[in-house]
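Residue numbers (the working numbering): 28 to 170.
For every residue, glycine included, the Cβ atom is placed at its ideal position computed from N, Cα and C.
Worksheet: the structure to be examined is printed underneath.
Now the structure itself:
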């Protein structure tokens, strides 16, 4: 089997899994689809997705910094105290024409291609790992 054929087969299987897990139309998922921005995976949904991904493809996503890439569900109890200030701040931003959304950094974006690479090379890209979990084995290739 050629490298391209193997990659296309893996890509199709990854897209199938993502469509099943996110209920997003399979035909709208491509190699450049963002897991967060396009598929809406966040918080505990990411944990469920990667659990299914690991089970299906034999990968190990335990080192992925889930909170950095996918945030957390809910809010901390003390955040309730600051909620009126956040609402007021949002209202003021609307008055001066600012948007609510933060500009996301490309490096903080995980795409379908990153999942395909993880399966293809049986290893996650180092940029997705939590700080302090980098592999110090110099014989392992960097993806």
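- Following the DSSP letters along the chain, one finds residue 71 inside the alpha helix (DSSP H) bounded by residues 71–84.
- If you ignore the 5 residues before and after residue 85, its C-beta comes within less than 8 Å of the C-beta of 149, all in its own chain and listed in chain order.
- In chain order, 41 place their CB closer than 6 Å to the CB of residue 142, counting only its own chain and leaving out the 5 sequence neighbours on each side.
- Boundaries of the alpha helix (DSSP H) harbouring residue 34: 30–49, taken from the DSSP string.
- Bridge pairing for residue 156: 91 [DSSP].
- About 5 Å separates the beta carbon of residue 58 from that of residue 140, a gap short enough to meet the 8 Å contact definition.
- The alpha-carbon of residue 80 is positioned some 12 Å away from that of residue 49.
- In this structure, the alpha-carbon of residue 73 lies about 11 Å from that of residue 95.
- Exposed is the label assigned to residue 82, since fewer than 16 other Cβ atoms lie within 10 Å of its Cβ.
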